[in-house]
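Residue numbering for the sequence shown follows our numbering, beginning at 4 and increasing consecutively.
All C-beta atoms in this analysis are idealised placements derived from N, C-alpha and C, irrespective of residue type, glycine included.
Predicted model only: the values in this text are computed from it and were never measured.
Let me begin by presenting the structure, written as structure tokens, before commenting on it.
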Amino acid sequence: MKKWEQLLQPITFRNRTKAREIDGRDPFEQDYGRLISSSPIRRLQDKTQVFPLETSDYIRTRLTHSLEVSYIGGSIGKSIEKYLISKKELHEDYKGQLSSLLRCSGLVHDLGNPPFGHFGETAIKAYFKNYFNENNVKLSNEEKADFENFDGNVQTFRILRKLHFFKDEYSFNLTFPTLASIIKYPSNSLDGNLGKKTKEIRKKKYGYYCSEKSDYEIINKELGLRNKRHPIVYLMEAADDIAYCAADIEDGVKLGILNFETLRKVFNENLKSNRDLLPILDKMHVDNDNKLSDRLSLTVQQFRVETQGRMIEGIVDCFKKNYSKVMDGEFEHELIDKSSGSDIRESFEALQKVVFDNKKIMQTELAGWEIIYGLLEIFIPATESEDFKIGGNTKEARLFKNISSSYRYIYNEYNSYDNEAYNRIQLIVDFISGMTDTYALNLYRKLKGIRL
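Now the structure itself:
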């Protein structure tokens with residue numbers, strides 16, 4: 004109980020205004036309220052989940068995906084806290100808080116992803132590896148590694164801590180548990196990013212920039228994390244896995260990329276402990292004959308519900324079995340990989356490869372890569388000029404003025420990191436990674452003179 008009491012402390016960097024007497028929300032529901040109406044959340048509606056610049060209203064965006072993760076996370080949280088309360092691991096007074104925290108974490112988990120999805124991340128990494136190789140920039144190895152290994156999860160932490168200007172430099176002023184819940188890899192960019200070279204899950208990628216290192220250290224100390232994952236991270240990660248693996252296939256079917264024969268063949272090849280799902284899939288498809296012209300889409304939606312239910316059940320069971328290791332941050336796997344639903348996920352991942360290899364998707368991703376890389380080529384060299392910030396009629400000064408006013412205000416008024424070269428580059432990365440797909444496309448066209 005004492006461990007959970009420490010992990011769920013509703014500490015914030017700035018004391019909050021006292022809540023109204025009628026306010027019955029727990030601290031994490033209050034966090035959710037601060038987030039849900041904000042512009043960073045709204046911009047997710049025009050950011051790629053899998054299919055860039057897709058015109059179909061049916062296909063998921065980062066926003067609809069995040070809402071699904073939020074719900075699945077909350078559902079898992081309900082099951083886990085019921086178990087913990089029954090085992091006297093969590094006090095009855097905390098009932099509802101795990102679920103609230105996971106709903107909040109699920110809502111924001113992709114907030115820092117750039118335009119055009121993970122291919123946008125790839126473009127940012129590639130640009131900075133080339134840029135630092137060709138230019139003598141006054142950055143330390145760790146500062147360079149922050150940009151060379153750009154990651155949407157790390158950018159999410161920065162947005163939540165610094166980049167939403169509402170009142171002051173504290174951004175959303177969220178609770179420490181909410182902030183900790185999205186740090187999947189609690190390491191800096193040099194100690195982390197080891198990938199398959201390490202067995203420690205916290206070092207496979209990284210979790211915070213140099214500019215937010217001191218923030219992380221405060222959270223780490225107050226919550227007693229010992230540079231390990233917060234237990235909630237394992238559950239949020241599982242909710243994300245459950246949401247996207249099935250949803251990507253549902254969207255792929257809707258766009259005509261997958262047919263029933265491929266779907267069944269892949270599940271037949273990959274299912275092990277859940278082979279009884281095959282006759283269930285067959286029966287669903289037979290029963291849907293003549294119900295809709297889009298019969299397969301209906302079948303896949305129904306199958307998603309069945310498979311997600313099983314994966315959630317497997318996650319909860321895996322959490323219980325590995326409870327001590329999870330609580331100590333010593334569980335070095337994703338929960339879903341060691342759960343009874345791992346073969347379901349493997350089946351969906353095999354189908355995802357078919358979807359991702361679609362030529363239309365790859366062509367749009369490549370276009371997105373060019374847009375992100377191209378915008379960085381325009382803005383980053385300008386940061387080396389003294390005119391960039393001072394003003395005047397130079398190109399560099401005009402580029403500075405084209406950056407979002409809120410980002411410029413935070414950069415000018417609240418930047419506390421002591422390397423100006425790093426700060427200027429980070430300003431550009433904040434601006435470009437925060438764009439929607441459409442905004443990035445239109446700005447690139449304008450600045451390149453393609454379309455005015």
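Counting every other CB atom within 10 Å of its CB across the protein chains shown gives Lys257 a total of 16 or more, marking it as buried. Taking a cut-off of 8 Å on C-beta distances, the stretch 46-59 touches the stretch 252-267, as three or more cross pairs fall below it. Assigned with DSSP and collapsed to three states, Thr58 falls in coil, not helix or strand.
Here DSSP, grouped into helix, strand and coil, assigns Thr178 to coil.
For the pair Ala246 and Ser192, the CB atoms are not nearer than the 8 Å cut-off. Secondary structure note for Leu66: its alpha helix (DSSP H) is the uninterrupted segment 65-89.
Val432 and Leu266 have their C-alpha atoms spaced approximately 39 Å apart. Non-local C-beta neighbours of Glu225 in its own chain, meaning closer than 7 Å and more than five positions away in sequence, comprise Gln12, Ile14, Phe179, ordered along the chain.
An exposed status is given to Asn136, since fewer than 16 other beta-carbon atoms sit within 10 Å of its beta-carbon. Take the alpha-carbon of Cys213 and the one of Ser419: they are about 11 Å apart. Straight across, the Cα-Cα distance linking Glu8 with Lys451 is about 54 Å.
Assignment of Thr397 by DSSP, reduced to helix, strand and coil, places it in the coil class. For Thr51, the beta-bridge partners assigned by DSSP are Thr64. Counting other Cβ atoms within 10 Å of its Cβ, Asn144 stays below 16 and is therefore classed as exposed. Under the Cβ criterion (8 Å, minimum of three pairs), the stretch 340-357 does not count as touching the stretch 421-428. Contact between Ala250 and Arg63 holds: CB atoms are separated by about 6 Å, below the 8 Å threshold. Restricting attention to Val111, Arg427, Ser276, the CA atom closest to the CA of Phe391 is found in Arg427.
By the C-beta criterion, the stretch 195-213 is judged not to be in contact with the stretch 286-298, since fewer than 3 inter-stretch pairs fall below 8 Å. Taking the Cα of Asn262 as reference, the smallest distance to any Cα among Ser408, Ser300, Glu71 is reached at Ser300. Three or more pairs of CB atoms, one per stretch, sit closer than 8 Å, so the stretch 103-118 contacts the stretch 60-75.
Around the C-beta of Pro282, fewer than 16 other C-beta atoms lie within 10 Å, and the residue is accordingly described as exposed. Rounded to whole angstroms, the gap between the alpha carbons of Glu309 and Thr67 is 20 Å. Here the alpha carbon of Glu368 sits roughly 7 Å from the alpha carbon of Phe119. Measuring C-alpha to C-alpha distances from Leu379 to each of Gly77, Tyr188, Gln429, Lys216 identifies Gln429 as the nearest. With respect to the 8 Å criterion, Arg65 and Lys85 are not classified as neighbours on the basis of their beta carbons. The Cβ atoms of Ile375 and Gly99 do not sit closer than 8 Å to each other. Here Ile83 is not near Leu338, since their CB atoms are 8 Å or more apart. No Cβ-Cβ contact shorter than 8 Å links Met4 with His112. Per DSSP, Ile186 is not a residue of any alpha helix (DSSP H), being assigned neither H nor E.
In the structure shown, the three-state DSSP call for Asp26 is coil. Going by C-alpha positions, Lys275 is about 51 Å away from Arg17.
A straight-line Cα-Cα distance of about 8 Å links Glu220 and Asn230.
A residue is called buried once 16 or more other Cβ atoms fall within 10 Å of its Cβ, and Glu264, having fewer, is exposed.
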